[in-house]
Structures are given as C-alpha cells and as structure tokens.
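Just so we're aligned: 470 in our numbering is position 465 of the sequence shown, and the numbers increase by one with no gaps anywhere.
Just so you know, even glycine gets a beta-carbon here, dropped at the ideal spot from N, CA and C.
Notes to accompany the following structure.
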Amino acid sequence: MSFVENFDSSSLLDMEQIDFLSVLNRLDDGVIIADINGVILFYNAAQSKIDGLPAKDVIGRKVTEIYRLNNRTSMIMQAIERHAAIKNRAFFYQTCSGKVANTITSVYPLLKGKTINGVICLVKDYELLYRSTPMAALTESRPDLGNGTRYTFADLIGKGSDFQRVVGTARKAASSPSPIMIQGETGTGKELFAQSIHNHSQRRKQKYVGVNCAAIPRDLLEGLLFGTARGAFTGAMDKLGLFEIAHGGTLFLDELLAMPVDLQAKLLRVLQEKCVRRVGSAMETPVDVKIISSVSRDPRTAIREGVLRMDLFYRLGVVMVKLPPLRDRQNSMGELVSHFIEKYNNRLGTHVRRISREVLELFSAYQWPGNIRELEHLIEGAMNMAGREEIIGIEHFTPGLDCLEQVDFTSPEPSDFIAPGPGVPSFGEPDLTLDSDQIFDPAPPLDPDPPLDPAPTGNLSQTQADREKSAIKTALSTAGGNVTLASKKLGISRQLLHYKIKKHGLCRLDFISRPIR
C-alpha cells in the first residue's frame with residue numbers, strides 16, 4: 006500500500022487528467038475516490054458490482070446519500086475528519102437501494118504536501134474472497150461429506166414453528182426429482198438449505214456442484230455451465246461444464262437473477278431437452294441433474310422487471326422454499342448466538358459464555374438487513390475485542406455499527422434471557438433445551454421507514470439521529486438528570502442510555518438543575 010499511503014494528489018478537480026484511473030478501473034477490488042466533502046469523484050467497475058449500482062448514479066453524489074451511513078459511521082467520512090488512514094477493517098454496510106455488502110475496507114488520505122485533498126477507498130468483497138479461497142486454507146475445518154457438501158438438515162438452527170415448517174417443505178422437496186427454487190434475503194442460509202436438500206435426497210451419494218452466478222463474468226459463465234470444445238475460441242480446450250460434472254447429482258445455481266437473460270434461454274433449452282451442448286460444439290450430451298436455484302427477492306417482481314424469464318421460472322420454481330429473514334426469527338436468536346459463540350471460542354481460543362442483556366436488547370430491536378451472516382459477523386468482531394472476558398457487552402462492538410444506532414425507544418422491555426455459550430451453566434437463566442418460544446419474547450420489528458413529523462429535509466440518518474437526541478434530552482430533563490429514571494422512560498437499559506448520551510455529546514449533569522416536577 007506504499008503507493009496509496011504516499012500518494013501526493015496534485016488535483017482532484019479534473020479527474021480525467023489522472024492517468025492511473027484507467028488502471029484503477031481494471032482492478033478486481035472496488036475503488037472509490039472522494040473529495041474532502043465526501044462527494045464521489047471516481048467509482049470503478051468492481052465497486053459497481055459489489056454495490057449493484059451503476060457508476061452514473063453514484064459519481065457526483067455524497068457517500069452518505071449512496072450508502073445508509075452518516076458522517077460518523079462512514080469510513081470515508083471518518084478518514085476525512087481524522088486526516089488519517091483506516092486500514093483493513095471488516096465493514097458491513099447497506100446501499101441506498103437496499104443491497105447489503107460484507108467487505109474488508111481500507112481508506113487512505115490523498116495528500117498534497119500536508120493538505121488533504123480527498124481520500125481513496127479500497128474495498129474487497131468478503132464473500133467473493135471467501136469463495137475464491139481454497140477450502141484447505143480456511144480456518145474452519147468442517148469436513149466435506151465426500152460429495153461436495155458440508156451441511157445437512159441436522160445443522161440447521163431454529164426451533165420456531167414457522168422455521169420448522171420451512172424445513173419440512175425442504176425435506177419433502179428433497180425426495181422429488183423436480184427443481185427447487187429457494188427464495189431468501191442475503192445471509193439467510195440459502196446454500197446451507199441447498200446442501201441439506203441434496204443430502205436428504207436419493208442423489209446424496211452423487212456430486213453436489215454449486216456456482217454463484219453473480220461472481221462469474223457472463224463470458225465465462227456460459228463455458229463454465231455448459232463446457233467448451235477445443236477451438237471454440239482462442240486457447241479453448243475440451244472441458245467439462247458443471248452440468249456434466251454434476252451428472253447424476255445436484256447443480257445449485259446461486260443468485261440466479263444475476264444470470265443474463267440470453268444465457269437463461271440457453272439454460273432453459275438444457276432443462277427442456279435434458280442435453281447439453283458445449284460452447285463451440287454441435288454434439289449434444291445427455292445429462293441427468295437435479296436443479297436447485299436461489300433468488301434473493303420475489304421472482305415475480307424480477308419477471309416484471311425483465312430480469313428473469315417467465316418460462317425459466319416455471320421450469321425452476323416448481324417447488325418454492327421461502328426462507329424467513331432473521332428479523333422474523335427472534336425465537337431462534339438465542340440458539341444462533343450460542344452457536345456462533347461456540348464456533349469462535351474454538352477458533353479464537355476465547356472463553357465467552359454469553360451476551361449481555363443490553364446486547365440482547367439491541368439484537369431484538371434491530372432489523373438485520375444482513376440476516377444470519379451479519380449476526381455472525383458481529384459476534385466474531387465482538388469476540389475479538391472481548392479478550393479474556395466471559396460476557397460480550399456493548400463496549401465490545403465497533404462504534405457506529407447499525408445495530409447500535411437503530412434502537413426503538415417504544416419497544417417493550419426485553420426478556421431476562423441471555424444466551425449462554427453451549428455447555429456452560431446458565432446460573433439461573435432459562436435452559437436452551439427448552440422450546441425457544443418459552444424463553445424468548447421477541448420485540449416487534451422496527452418500521453424501516455417510520456413517519457417523520459415534520460417532513461424531514463436533508464440526510465435521513467441525520468434526521469433520525471436528531472430525533473433520538475431530542476428524545477434523550479427530553480427524558481433526562483424529565484428525570485432531572487437521573488439516568489435510571491430516564492432509561493425507564495425510554496424503555497432501554499441504563500448501559501445503553503449511557504452509550505447514547507456519550508454518542509450525542511450530552512452530559513446528564515446539565516439536566517440536574519431543571520427537573521420537571
């Protein structure tokens with residue numbers, strides 16, 4: 006990174022004159038260049054793919070408009086404010102369109118002498134990085150079952166009746182040769198379900214092959230699926246496609262909506278004819294493959310938008326398995342938290358037993374746009390900060406995380422349940438072996454777009470922060486600066502209120518002299 010760290014920017018006003026931009030646009034990592042006001046001046050193709058946003062809709066706009074972040078939670082804005090680099094931080098964010106990204110991000114100031122002219126942000130797609138890493142190099146040592154999978158229905162976590170109904174549907178579908186489409190938001194466990202279905206089917210002893218359609222360039226995806234014949238293009242060799250590799254087994258088409266429509270037509274023909282023709286060949290090869298596909302949104306909406314062919318949907322969506330988002334699975338939260346605590350205790354050598362009541366309160370009120378993957382991300386990060394401590398508290402989370410910001414002051418008091426780590430005595434707390442409905446009383450989900458009065462102007466995140474600050478000031482004033490009373494009025498814990506007071510730069514002593522009687 007020495008080039009970036011020592012870069013002396015002569016001007017960020019005339020970006021076309023900087024030769025290295027053409028190089029940055031060809032990088033596999035995302036690159037954003039912003040001026041000192043946070044206005045995006047450059048946005049490369051890789052970042053466009055990570056965010057799912059075209060460059061023309063991004064350039065010239067402030068980062069806090071493009072991402073659901075504010076000046077305090079945006080790494081770019083923080084680097085500008087601090088005049089310092091922020092390196093290799095795990096960063097989970099959501100775009101203005103609602104897409105969630107899990108990244109490793111670094112931001113470096115662009116300097117002219119000692120004056121900062123802007124910043125350059127380098128973004129690695131964590132999901133793509135994970136998928137491209139050989140399994141032997143990953144720290145998780147979960148064994149392959151010998152057929153290309155690692156998961157079965159026994160690995161699914163959740164005792165809630167709604168979730169178990171979904172599992173029941175998937176089990177029934179596994180015994181049928183008909184195609185299955187799994188619908189679920191990012192991070193809900195679509196591939197885990199796909200592997201479980203394969204391992205519950207009559208094809209369990211045959212190969213399971215998965216491909217992420219969003220991670221493969223269109224020109225490569227066709228050859229990857231159908232294979233290539235020698236001479237089909239320069240350097241082409243005879244090569245099996247995934248359909249032939251998965252013959253007799255299961256092919257999982259993850260992120261189906263990322264597949265170009267013209268390629269969908271070729272896929273449809275393979276499904277109809279049950280034969281595959283390699284790119285550059287006239288010979289057809291019979292294939293026997295069970296297809297499982299996944300989509301992250303309603304396929305009927307995708308059909309109306311022209312992203313998904315209707316005839317392909319009728320072929321692939323014979324059986325629909327719809328996975329619930331984490332915000333609708335609050336009765337599974339304790340089990341999931343315990344699972345990740347156990348997982349990262351083993352990996353990190355820590356001895357965490359549970360999360361605090363305040364953290365549980367935050368988790369209950371949070372909307373979880375990244376679902377289970379985001380929960381795991383947060384638990385892992387907090388356990389790295391916990392050190393030798395046994396309880397994960399609010400102080401162990403990175404400041405500015407969405408889950409620390411989105412708290413519903415009107416939600417009911419949280420239950421007394423605190424998720425203990427597996428195999429650890431609960432010291433009077435409910436036993437995880439009980440039905441989860443008996444030990445977890447979920448808070449109602451937050452309205453992601455609550456009505457504002459008066460109508461907001463400017464940045465929505467800032468408007469919400471102002472409302473929160475105003476509510477805290479009112480509660481403190483009413484309570485005469487007594488944090489315990491104020492926290493009860495707001496419906497949150499004392500520890501969380503202390504965090505919020507500090508966040509907004511308030512001082513409870515300012516309210517002691519004027520209590521409302």
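query	result
N- and C-terminal bounds of the alpha helix (DSSP H) containing V281	V281 -> not in any alpha helix (DSSP H); beta strand (DSSP E) instead, spanning C280 to R282.
Exposed unless 16 or more other CB atoms sit within 10 angstroms - verdict on F198	buried
Alpha-carbon spacing of I360 relative to F345, whole angstroms	11 Å
Residue ranges of each beta strand (DSSP E) within the stretch 299-346, 3 or longer	324-327
For R513, the three-state DSSP class (helix, strand or coil)	helix
Stretch-stretch touch, CB-based, cutoff 8 Å, three pairs: the stretch 249-257 with the stretch 213-228	yes
CA-to-CA distance, L26 to K67, given in whole angstroms	20 Å
Closest by C-alpha distance to N376, when choosing among D333, F158 and Y48	D333
Supposed close pair P304, M186 - CB separation, criterion 8 Å	7 Å
L74 vs N49 beta-carbon contact at 7 Å	no
Distance, I517 Cα to K508 Cα	19 Å
Enclosing beta strand (DSSP E) for Y213 [first to last residue]	Y213 to N217
Buried versus exposed, by CB contacts within 10 Å (16 or more), S183	exposed
C-alpha distance - K505 paired with K104, whole-angstrom precision	27 Å
Residue of G194, T193 and I202 minimising C-alpha distance to R176	I202
Backbone CA spacing between L262 and G118 [nearest angstrom]	47 Å
Touching by the beta-carbon criterion (3+ pairs, under 8 Å), the stretch 88-96 and the stretch 105-115	yes
As assigned by DSSP and simplified to three states, the class of Y371	coil
Per-residue burial, C512 [other beta carbons within 10 Å of its own, 16 or more giving buried]	exposed
Sub-7 Å separation of L321 and L273 beta-carbons	no
Straight-line Cα distance separating V488 from H503	8 Å
Neighbourhood of V124 by C-beta, 7 Å cutoff - its chain only, sequence neighbours within 5 removed	A39, I81, A84, I85, V112, Y113, P114 and L115
Straight-line gap, N336 to D267 (C-alpha atoms, nearest Å)	43 Å
Sequence ranges, alpha helix (DSSP H) only - wholly within the stretch 47-106, length at least 4	50-56, 68-71 and 80-87
Best match in L331, S299 and L313 for proximity to Q269 [C-alpha to C-alpha]	L313
Inter-stretch contact at 8 Å, needing at least 3 Cβ pairs: the stretch 159-169 / the stretch 219-229	no
The alpha helix (DSSP H) enclosing Q169, as first and last residue numbers	S166 to A179
Of the listed residues D33, P265 and G35, nearest to G311 (C-alpha basis)	P265
Residue from Q200, A476 and Q188 with nearest C-alpha to R155	Q200
Proximity below 7 Å, CB of F231 to CB of V292	no
Beta-carbon gap between A480 and L495 smaller than 7 Å	yes
L150 vs D34 beta-carbon contact at 7 Å	no
Local conformation of Y156 per DSSP, three classes	coil
Residues bridged to Y113 (per DSSP)	I125
Backbone secondary structure at V36 - three-state DSSP	strand
Beta-carbon spacing of S492, E363 below 7 Å	no
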